[in-house]
Amino acid sequence: MEASPVLAEVWRGPVLESVHRGAVAICRPDGELVEAWGEPGRVILPRSSCKMIQALPLVESGAADRYGLTAEHLALACASHQGATIHTALARDWLATLGLGDGDLRCGAHAPYDTAARRALRNRGEHPCQVHNNCSGKHCGFLTVNAHLGGDAEYVDPDHPVQRAVRAATEEVCDETVTAFAIDGCSAPNFAVTLKGLATAMARFARPAEGFRGIRAQAATRLRDAMAAHPELVAGEGRACTALMRAMNNGTVVKTGAEAVFVGILPEQGLGIALKIDDGATRGSEAAIAALLVRHGALDAHSPAFRAYADHPIENRRHIVHGHLRAAETLFD
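Here's what the structure looks like:
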């Protein structure tokens, strides 16, 4: 089997010390493959990169409007957030609107990634709640669909009506039949798709009128625009998704997933990007997505955000620059 191409490199002085290999697919809404590195037909678990797909039933079912959800709620539904106050307060209010609480979530608890929130919990002698889970917004969305449908409490069961709706949406927007799934870190099923299928779905979010019809086009537009308008809710301070979307400020949306998956939704270009780094290193996926955004005119190569992720100096403990993390030159050729 041929090795995947190098998408990011780590240099120490003049020596190439490490590489991150992977695959990329870039598609149009009709499924046309515009560019690819590696095998675009590779089947992957999209992990959290597909949260906007998982949120489609929230809007399409009428649940979002029934419960008065705002663009902020929709952005949080698509988020892998830091567990900062802006995230947890919104999640708690959302649950209260449904007449539910933290115990109704099925995502599990973990310490917030946000330093201030983590320190505040420790100072109060409190343990993390499920709203601190980076996927709690997605799960609030699932609970909203469930309340609308009248399903039972175990909404993460793969055979639950909520997850059947997510699976159907995944197959339809990716133009693929899901043949496998795995349970994600938040206990929800994650449906396997090809990179090409995922890139096609992202292109359809970029140009919903070309890729979808009726209610789905409206739902995709609302979710995409909510993410673009509220990048701080999609991830948080110091995170690549938030920093890159702020730097572009042109409606382009990016979303990371665990194990070094990244997607891009480029409305101006009408393109969708999906990539996966073989070794699961986030630094590799962040470098690659930043380079691809520059390649297709969504991000300025001179912006600090580009340099932070695709041409990042590496310092030693005396703050002397001794190397660089760089996107591979093949992504710029």
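Letter by letter, the sequence shown follows residues 913 to 1245 of my numbering. Here a beta-carbon is modelled for each residue, glycine too, at the ideal position from N, C-alpha and C.
C-beta atoms of residue i and residue j nearer than 8 Å
i	j	result
W949	L919	yes
T1242	P941	no
K1188	I956	yes
A1118	I1177	yes
R1004	S1099	no
G1209	D1026	no
L970	V1057	yes
A1081	L968	yes
V1175	A1186	yes
P1070	F1054	no
A1111	C939	yes
V1173	A1140	no
A1159	A1217	yes
H1044	T1000	yes
A1113	A1121	no
D1060	R978	Correcting the residue identity first, residue 1060 is His in this sequence and not Asp. Yes, they are a contact pair.
R1238	D1223	yes
A1240	E972	no
G1049	A989	yes
G1184	D1087	no
L1002	E984	yes
R1030	A1023	yes
Three-state secondary structure assigned by DSSP to residue i
i	result
C939	strand
T1168	strand
S930	strand
V1090	coil
V918	strand
Y1025	coil
A996	coil
Q1013	Contrary to the premise, residue 1013 reads as Gly rather than Gln in this sequence. Three-state result, G1013: coil.
V1068	coil
H1060	helix
D1005	helix
R1018	coil
C1052	helix
L1205	helix
H1214	coil
Inter-residue CB distance, residue i and residue j (contact presumed, cutoff 8 Å)
i	j	result
Q994	D1014	Going by Cβ atoms, the distance from Q994 to D1014 rounds to 18 Å, so no, they are not a contact pair.
L945	A937	6 Å
E1083	V1090	5 Å
A1200	L1156	Not quite, the Cβ-Cβ distance comes to about 12 Å (not below 8 Å), so this is no contact.
A1028	H1142	So it is not a contact: roughly 19 Å between Cβ atoms.
K1167	S930	Between S930 and K1167 the Cβ distance is about 25 Å, and since that is not below 8 Å, they are no contact.
G1169	P952	G1169 to P952, Cβ: 17 Å. No contact.
R1116	G1109	The Cβ separation is near 11 Å, so there is no contact.
G1235	W923	5 Å
A1107	R954	The question names Ala, but residue 1107 is Leu in the sequence shown. With a Cβ gap of about 5 Å, L1107 and R954 count as contacting.
F1103	R1125	Between R1125 and F1103 the Cβ distance is about 22 Å, and since that is not below 8 Å, they are no contact.
E1180	N1162	6 Å
S992	N1046	5 Å
DSSP bridge partner residues for residue i (one or two, in chain order)
i	result
W923	L928, H1236
I1095	P1101
T1106	V955
E1038	Per DSSP, none; premise fails for E1038.
E1227	V1233
Counting only runs of 3+ residues fully inside the segment 1115–1195, write out the beta strand (DSSP E) ranges in chain order. If we require 3 residues or more, the beta strand (DSSP E) runs fully inside the segment 1115–1195 come out as 1165–1169, 1173–1178, 1183–1189.
Extract the residue ranges of the beta strand (DSSP E) inside the segment 932–994, only unbroken runs of 3 or more that lie entirely within it. If we require 3 residues or more, the beta strand (DSSP E) runs fully inside the segment 932–994 come out as 945–949.
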